[in-house]
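According to the numbering used here, the stretch in the sequence shown is residues 1 to 364, in order. Glycine included, every Cβ here is placed at the ideal spot set by N, Cα and C. Because the structure is a prediction, the values reported are computed rather than measured. Here is the structure we will look at.
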Amino acid sequence: AATRSMLLSSLPERQDDFVTVDWAYYAERDRERRRKLERKILKLPWYQQSLFHAWDGAQAWIALLLIGFLTGSIAAIIGIGCEWFTDLRFGVCRGRGFWITREICCKDVHAQQVCLHWVPWSDMWNYDDIIDRSWVDFGSYVGISVSMAVFAAWMCVAISPYAAGSGISEIKVVLGGFVIKRLLGGWTLLSKSMGLMLSVGSGMMVGKEGPCVHLGCCTANLVSRFFSKFRDNEVRKRELMSSAAAAGVAVAFGAPVGGVLFSLEEVSSYFPPQTMWRSIFCAIVAAFTINRLDPLPFHRYVMFEVHFHHQWQLIELIPFGFLGVLGGVIGAAFVRINTKICARRKKSTVKQWPITEVAVICMA
């Protein structure tokens with residue numbers, strides 16, 4: 001009886017959770033949807049038939065337009081939030097609004113001048129002694145950083161456990177034909193967005209590039225619910241997610257073509273030809289949106305760019321080849337060490353106290 005209750009408790013709460021996608025079933029279901037639509041259209045006047053055909057064909061492009069715009073907007077909000085939380089550890093903007101980042105608060109001040117609108121935490125408490133000011137600034141820095149990291153960890157534990165980590169491994173599983181409910185839900189999107197801003201703002205060694213792919217797929221899953229062509233079809237829904245994964249990389253690095261290649265080569269198992277053009281469209285819309293809302297420093301369009309001022313020589317291939325070999329060796333060593341650390345961590349008692357672990361790491 002105890003073994004049976006243990007097995008029952010380990011099962012998913014929903015019967016459609018943690019199951020594989022039947023590709024043939026959903027392909028036949030899509031054909032049946034088209035047949036029903038054709039029978040319905042034949043009963044309508046000729047001008048309404050054209051409108052129905054146009055709407056059925058445009059659903060994918062409209063959904064991709066919304067996914068690209070929303071992914072870029074969410075990434076812009078996260079970028080601005082990361083900057084604000086990072087600056088919050090040092091002080092606050094007074095006079096122009098506490099919600100303003102330090103860069104915008106002091107945009108009218110030259111590099112050699114003191115920004116009067118930006119107030120450190122020691123000035124907020126009117127400390128005059130230099131030693132006292134240093135301790136107040138240091139305590140505020142540590143306290144705010146640990147608080148933000150702990151709150152981000154608490155959101156992953158209490159609100160949405162699927163928001164932890166980068167999410168790329170889980171996205172590869174989902175795009176491979178596995179159903180994981182709540183992985184791409186609204187609470188996961190909210191928790192991961194807020195937790196990402198807090199964890200990056202706390203100064204921890206985490207990045208927002210990987211989670212942007214997860215956030216893009218969450219957006220695609222939510223948008224698909226408003227379109228009958230994708231709402232109840234898991235295969236069609238994964239076409240949107242493949243495009244959303246490309247949009248996530250595009251907003252992270254400002255590279256739409258790189259996002260499409262990433263989605264094609266790394267995360268997608270089902271990538272029909274029409275998804276290629278849809279991914280490019282979605283990634284371009286996402287990259288354009290974030291560039292308008294939260295542009296990169298120095299008005300650049302991509303995160304990493306190189307300007308060639310002279311013609312390269314054949315001899316230069318030798319040091320570049322050496323760098324490639326060195327990077328491969330270091331990468332292989334990193335993967336091995338990281339795998340061993342993660343395997344040992346799973347067996348230790350540290351995993352039972354995730355919030356405490358985050359607090360200790362942040363303080364260290």
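(request) In the DSSP assignment, find the unbroken alpha helix (DSSP H) run with P273 in it and report its ends. (result) For P273, the enclosing alpha helix (DSSP H) starts and ends at P273 to L293.
(request) Identify every residue that forms a DSSP beta bridge with F178. (result) Beta-bridge annotation (DSSP): F178 is paired with T20.
(request) Out of R225, L293, E209 and L261, point me to the one whose CA is closest to F253's CA. (result) Closest option to F253, Cα to Cα, is E209.
(request) Return the CA-CA distance between L222 and S242, expressed in angstroms with no decimal places. (result) Taking the straight line from one Cα to the other gives about 14 Å.
(message) Tell me which residues share the same chain as G328 and place their Cβ nearer than 6 Å to its Cβ, disregarding the 5 neighbours each side in the sequence.
(response) Sequence-distant partners of G328 (beyond 5 residues in either direction) whose C-beta falls short of 6 Å from its own C-beta are missing from its chain.
(message) Classify E214: buried if its beta carbon has 16 or more other beta carbons within 10 angstroms, exposed otherwise.
(response) According to the sequence provided, residue 214 is His. The question's Glu does not apply to it. Buried, by the Cβ-count rule.
(request) Look at the alpha carbon of A54 and the alpha carbon of T356, and state the distance between them as a whole number of angstroms. (result) When rounded, the separation of the alpha-carbon atoms in A54 and T356 is 55 Å.
(request) Could you check which residue in R133, D132 and G91 has the C-alpha nearest to that of H117? (result) Closest option to H117, Cα to Cα, is G91.
(message) DSSP three-state label for C93, please.
(response) Strand, per DSSP.
(message) Could you tell me the alpha carbon to alpha carbon distance between F298 and M124, rounded to whole angstroms?
(response) Its pLDDT being 46, under 50, F298 is placed unreliably in this model, and the value from its coordinates should be taken loosely. F298 and M124 have their C-alpha atoms some 32 Å from each other.
(message) So F18 and V267 are supposed to be a Cβ contact under 8 Å. How far apart are they, rounded?
(response) F18 to V267, Cβ: 19 Å. No contact.
(request) Provide the residue(s) that pair with W135 in DSSP beta bridges, ordered along the chain. (result) Per the DSSP secondary-structure output, W135 pairs with nothing in a beta bridge.
(request) State whether the region 190-202 contacts the region 226-233, with contact taken as three or more CB pairs (one from each stretch) at a distance under 8 Å. (result) Too few Cβ pairs lie closer than 8 Å, so no.
(request) Give the DSSP-derived three-state secondary structure of F298 in the structure shown. (result) Note on F298: pLDDT 46, under 50, position unreliable in the model; the coordinate value appears next. Assignment of F298 by DSSP, reduced to helix, strand and coil, places it in the helix class.
(request) Could you spell out the range, first to last residue, of the beta strand (DSSP E) harbouring P120? (result) Where P120 is concerned, the enclosing beta strand (DSSP E) starts and stops at W118 to P120.
(request) In angstroms with no decimal places, state the Cα-to-Cα distance between A75 and G259. (result) Straight-line Cα distance between these residues: approximately 15 Å.
(request) Pull up the CB-CB distance for C218 and V251, whole angstroms please, since I reckon it's below 8 Å. (result) Rounded, the Cβ-Cβ distance is 13 Å, inconsistent with contact.
(message) At the level of alpha carbons, what is the spacing between Y47 and I78?
(response) The alpha-carbon atoms of Y47 and I78 are separated by roughly 45 Å.
(request) Report the three-state DSSP secondary structure of D108 (helix, strand or coil). (result) D108: coil per DSSP, three-state reduction.
(request) May I ask you to report which of helix, strand or coil DSSP gives I225? (result) The sequence given here places Arg at residue 225; Ile does not occur at that position. Annotated three-state conformation of R225 is coil, per DSSP.
(request) Please confirm whether Q59 and K229 have their CB atoms less than 8 Å apart. (result) With a cutoff of 8 Å on beta-carbon distance, Q59 and K229 are scored as near each other.
(request) Can you give me the Cβ contacts of A63 inside the same chain, cut-off strictly under 7 Å, excluding the 5 residues immediately before and after it? (result) Same-chain partners within the cutoff: V223, S224, F227, F230 and L240.
(request) Would you decide whether W353 is buried or exposed? Buried here means 16 or more other CB atoms lie within 10 Å of its CB. (result) Burial state of W353 is exposed, judged by a 10 Å Cβ sphere holding fewer than 16 other Cβ atoms.
(message) Suppose you measure from the CA of V150 to the CA of W187; what does that come to, to the nearest Å?
(response) Each residue's CA atom was taken as its position, placing V150 and W187 some 18 Å apart.
(request) Can you have a look at Y162 and say buried or exposed, based on whether 16 or more other CB atoms are within 10 angstroms of its CB? (result) Y162 should be labelled buried.
(message) If I follow the unbroken alpha helix (DSSP H) through K346, where does it start and stop?
(response) For K346, the enclosing alpha helix (DSSP H) has its first and last residue at L317 to K347.
(request) Identify, in the order they occur along the chain, each residue of the same chain with its Cβ nearer than 7 Å to the Cβ of D87, setting aside the five sequence neighbours on each side. (result) Within its own chain, the residues whose Cβ lies closer than 7 Å to the Cβ of D87, once the five positions on either side in sequence are excluded, are T101 and R102, listed in chain order.
(message) Looking only at its chain, what residues have a beta carbon closer than 7 Å to the beta carbon of R94, apart from the 5 residues adjacent to it on each side?
(response) Within the same chain, R94 has close Cβ partners H117 and V119.
(message) Please report the distance separating the alpha-carbon of W121 from that of F334.
(response) One C-alpha to the other measures close to 39 Å.
(request) Alpha carbon to alpha carbon, how far is A244 from R182? Give it in angstroms, no decimals. (result) Cα-Cα distance, rounded: 17 Å.
(request) Kindly provide the ranges of any alpha helix (DSSP H) runs that are 4 or more residues long and lie completely inside the region 24-66, ordered along the chain. (result) As far as the region 24-66 is concerned, it has no whole alpha helix (DSSP H) run of at least 4 residues.
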